[in-house]
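Just so you know, we're using this note's numbering here: the sequence shown kicks off at 10 and counts up by one. Every residue, glycine too, gets a C-beta built ideally from N, C-alpha and C. Quantities reported herein were computed from a predicted structural model and do not represent experimental measurements. First comes the structure, then the notes that go with it.
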Amino acid sequence: MQTPSSSLSYGTALTRGLRRRCPQCGIGTLLCGYLKPVTECEACKSDFSHISADDGPAWVTILVLGHVVVPLMLYFGRDDSIPLWIACAILSVIMLIGVYVILPRAKGLFIALIWMTGATGEDMAPNSLDQSDETHNRQ
Numbered sequence: 010m011q012t013p014s015s016s017l018s019y020g021t022a023l024t025r026g027l028r029r030r031c032p033q034c035g036i037g038t039l040l041c042g043y044l045k046p047v048t049e050c051e052a053c054k055s056d057f058s059h060i061s062a063d064d065g066p067a068w069v070t071i072l073v074l075g076h077v078v079v080p081l082m083l084y085f086g087r088d089d090s091i092p093l094w095i096a097c098a099i100l101s102v103i104m105l106i107g108v109y110v111i112l113p114r115a116k117g118l119f120i121a122l123i124w125m126t127g128a129t130g131e132d133m134a135p136n137s138l139d140q141s142d143e144t145h146n147r148q
């Protein structure tokens with residue numbers, strides 16, 4: 010695992026992640042396709058194979074879009090001049106475009122944050138927990 014250089018600030022790395030670029034060099038891409046992360050940067054060869062963003066980007070996307078869509082939903086619910094099917098169509102388009110735009114950027118941000126902090130989860134050994142039959146198989 011290549012560690013971040015000491016001169017690299019969090020702001021720089023996270024901005025590069027939002028742009029879906031390598032947090033180390035800012036040149037290579039973090040994602041190939043829509044959401045599939047690359048295993049290493051094609052420019053600086055930083056290793057990203059150990060980084061898994063999991064559900065964080067989806068949560069951020071829902072949080073951001075919820076703050077946009079819910080007020081519009083309340084407005085459309087109180088305004089009788091707009092038919093319900095038009096309101097649903099507008100909100101659906103906003104959600105689809107929002108997910109298309111925000112989700113890959115949130116994933117890039119999470120990959121950059123995990124890379125910057127080194128919080129890959131590799132040091133968590135599942136066998137270190139006490140999982141004896143006595144404690145987990147009680148009836």
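Roughly how many angstroms lie between the CA atoms of residue i and residue j, to the nearest whole one?
| i | j | result |
| --- | --- | --- |
| isoleucine 99 | serine 55 | 42 angstroms |
| leucine 81 | leucine 118 | 27 angstroms |
| alanine 128 | histidine 76 | 29 angstroms |
| tryptophan 124 | isoleucine 103 | 31 angstroms |
| valine 78 | arginine 25 | 27 angstroms |
| aspartate 89 | isoleucine 36 | 50 angstroms |
Look at residue i and residue j and say whether their C-beta atoms are less than 9 angstroms apart.
| i | j | result |
| --- | --- | --- |
| leucine 122 | leucine 39 | no |
| threonine 70 | leucine 112 | yes |
| glycine 20 | leucine 74 | no |
| lysine 116 | proline 46 | yes |
Report the option in the options whose CA atom is closest to the CA atom of residue i.
| i | options | result |
| --- | --- | --- |
| tryptophan 68 | Arg114, Ala96 and Met125 | Arg114 |
| aspartate 64 | Gly20, Ile120 and Leu93 | Ile120 |
| cysteine 41 | Gly35, Cys34 and Arg30 | Arg30 |
| leucine 44 | Arg87, Ala62, Met104 and Ala52 | Ala62 |
| serine 16 | Arg28, Thr48, Cys34 and Pro66 | Cys34 |
Please classify residue i as buried or exposed, where buried requires at least 16 other C-beta atoms within 10 Å of its C-beta.
| i | result |
| --- | --- |
| leucine 72 | exposed |
| cysteine 50 | buried |
In this structure, does DSSP put residue i in helix, strand or coil?
| i | result |
| --- | --- |
| cysteine 53 | coil |
| threonine 38 | strand |
| proline 66 | helix |
| arginine 30 | strand |
| proline 80 | helix |
Return yes when at least one heavy atom of the ligand PLP lies under 8 angstroms from the C-beta of residue i, else no.
| i | result |
| --- | --- |
| leucine 100 | Of ligands this structure carries none, so the ligand PLP is not represented either. |
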